[in-house]
Amino acid sequence: MQPPRRHLLSLIRDDLLEWSLKHKLPRFRSDQILKWVYEHRVTDFSSMTNLALRDRELLGREFFLRDSAIVADRLATDGTRKLLLQWSSTESIRNTQNVALTVSNPSLQTECVMIPTNTRRTACISSQVGCPVGCRFCASGMGGLDASLETGMIVEQVIRLSEVTGERISNVVFMGMGEPLTNISAVIQAARILAAPWGLGISARKITISTVGIPRAIHRLADELNLPVTLALSLHAPDDKLRRELIPWAEFTTIADLLDACSYYFEKTGREITLEYTLLGGVNDHPAQARDLARLAKTLRSNINIIRYNEVPDLPFRRPASENVLEFQRILTAAGVKTHIRASRGRDIAAACGQLRREHSDAKG
Numbered sequence: 002m003q004p005p006r007r008h009l010l011s012l013i014r015d016d017l018l019e020w021s022l023k024h025k026l027p028r029f030r031s032d033q034i035l036k037w038v039y040e041h042r043v044t045d046f047s048s049m050t051n052l053a054l055r056d057r058e059l060l061g062r063e064f065f066l067r068d069s070a071i072v073a074d075r076l077a078t079d080g081t082r083k084l085l086l087q088w089s090s091t092e093s094i095r096n097t098q099n100v101a102l103t104v105s106n107p108s109l110q111t112e113c114v115m116i117p118t119n120t121r122r123t124a125c126i127s128s129q130v131g132c133p134v135g136c137r138f139c140a141s142g143m144g145g146l147d148a149s150l151e152t153g154m155i156v157e158q159v160i161r162l163s164e165v166t167g168e169r170i171s172n173v174v175f176m177g178m179g180e181p182l183t184n185i186s187a188v189i190q191a192a193r194i195l196a197a198p199w200g201l202g203i204s205a206r207k208i209t210i211s212t213v214g215i216p217r218a219i220h221r222l223a224d225e226l227n228l229p230v231t232l233a234l235s236l237h238a239p240d241d242k243l244r245r246e247l248i249p250w251a252e253f254t255t256i257a258d259l260l261d262a263c264s265y266y267f268e269k270t271g272r273e274i275t276l277e278y279t280l281l282g283g284v285n286d287h288p289a290q291a292r293d294l295a296r297l298a299k300t301l302r303s304n305i306n307i308i309r310y311n312e313v314p315d316l317p318f319r320r321p322a323s324e325n326v327l328e329f330q331r332i333l334t335a336a337g338v339k340t341h342i343r344a345s346r347g348r349d350i351a352a353a354c355g356q357l358r359r360e361h362s363d364a365k366g
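So the sequence shown is numbered by this note's numbering: it starts at 2 and just counts up by one.
Here you go:
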């Protein structure tokens, strides 16, 4: 029986070299394959014209290069581009019980977004189908977690965005659907491929992994990745009580434990921590909360990224008033904390995490 095909984008250079030698191919063959995949961006093995026909046929029997179909493609007035991808392969996606999922499952969809600015092209990518965390204000976790993505599917999102826009991706943020550190093995492997000279060649310093905060996983990321990737902690509240109301998983840890883990990450990597804070009107945008947040931020090497909430239908949270956002930033800055207000992008195409998938599902159902 033929073993299931694998996603070639899941393999690092050493994996492909090992495969080549196992099949008695010349050592240089693996580098030829990688050049076709990442430099020439071929989508089928028959296009690898400097490989022997038997080698191309062998690759086709054991691997595939694309696993997604674009089921929605939206372009915002500000140039933001959002794709909804339907994953098709039973071999490359598994559910929470590690059971291969069927091709016909229509829920196996993830989002990815390309955000352009004057100086960069940022890919916002997903690590899971759905999300296990269930933040009260987020669309991604409303249906729970359906599955975790394999490494190749994570890498493929960046390539898909580059293909449809015709532009090179300069930055990558793991801020799409899912909690990256609950899929940490695939995320670490994907980050290595994104940063590798033989891969997509994106500077590790331009890759950000965002997490709601799992102390042991943050330690593992610091110990295993060995790349100067930025860690972003989704904080969203300056105290444990409010944070547990907004983020159900927060009951398993404390802000103090998370900041300790972030300090460890900084010590291992030298990378300043980004604290993400989504401002929810009337919930966590009060001046006193800004002062409390400033005290937390000053306990470690960090900066704060303020995110103005994008409203989600059927959820009670509201976008904060502009004057409250500016006052919140003013208080933080006056306290000596580096603070940025993230520009809202793609609001006219449901660019907030999980919104497009939910809209597409509602329209079909």
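Built from N, CA and C at the ideal position, the CB exists for glycine as well.
| Asked | Found |
| --- | --- |
| Between the CA atoms of residue 22 and residue 248 - distance to the nearest angstrom | 48 Å |
| Opposing strand residues paired with residue 129 [DSSP bridges] | 149 |
| Residue 204 to residue 132 span [Cα, whole Å] | 27 Å |
| Which listed residue (18, 38, 39) has its alpha carbon closest to that of residue 433 | Any question about residue 433 goes unanswered here, given that the chain covers just 2 to 366. |
| Under 7 Å between C-beta atoms of residue 49 and residue 57 | yes |
| Proximity to residue 211 [Cα-Cα], best of 39, 157, 134, 241 | 134 |
| For residue 245 and residue 251, the rounded distance between their alpha carbons | 5 Å |
| Spatial distance of residue 220 from residue 320 (CA atoms) | 34 Å |
| Beta-carbon spacing of residue 81, residue 346 below 7 Å | yes |
| Runs of beta strand (DSSP E) wholly within the segment 217-304 (minimum 3 residues, chain order) | 231-235, 274-280 |
| N- and C-terminal bounds of the alpha helix (DSSP H) containing residue 335 | 323-335 |
| Rounded C-alpha distance that separates residue 46 from residue 26 | 16 Å |
| Residue 73 versus residue 84: straight-line alpha-carbon distance, rounded | 6 Å |
| The beta strand (DSSP E) enclosing residue 21, as first and last residue numbers | Per DSSP, residue 21 belongs to no beta strand (DSSP E); it is in the alpha helix (DSSP H), 14-23. |
| Residue nearest to residue 69 in terms of C-alpha spacing, selected from 86, 33, 11, 7 | 86 |
| Separation of residue 328 from residue 295, as counted between CA atoms | 13 Å |
| Residue from 243, 215, 229, 113 whose Cα sits closest to the Cα of residue 258 | 215 |
| Residues that DSSP places opposite residue 170 in a beta bridge | According to DSSP, residue 170 bridges with nothing at all. |
| Contact belief for residue 263 with residue 222 at Cβ below 8 Å, rounded distance in angstroms | Not a contact, Cβ separation roughly 11 Å. |
| Within 7 Å, strictly: CB atoms of residue 277 and residue 304 | no |
| Classification of residue 172 by the beta-carbon crowding that lies within 10 angstroms, buried from 16 upward | buried |
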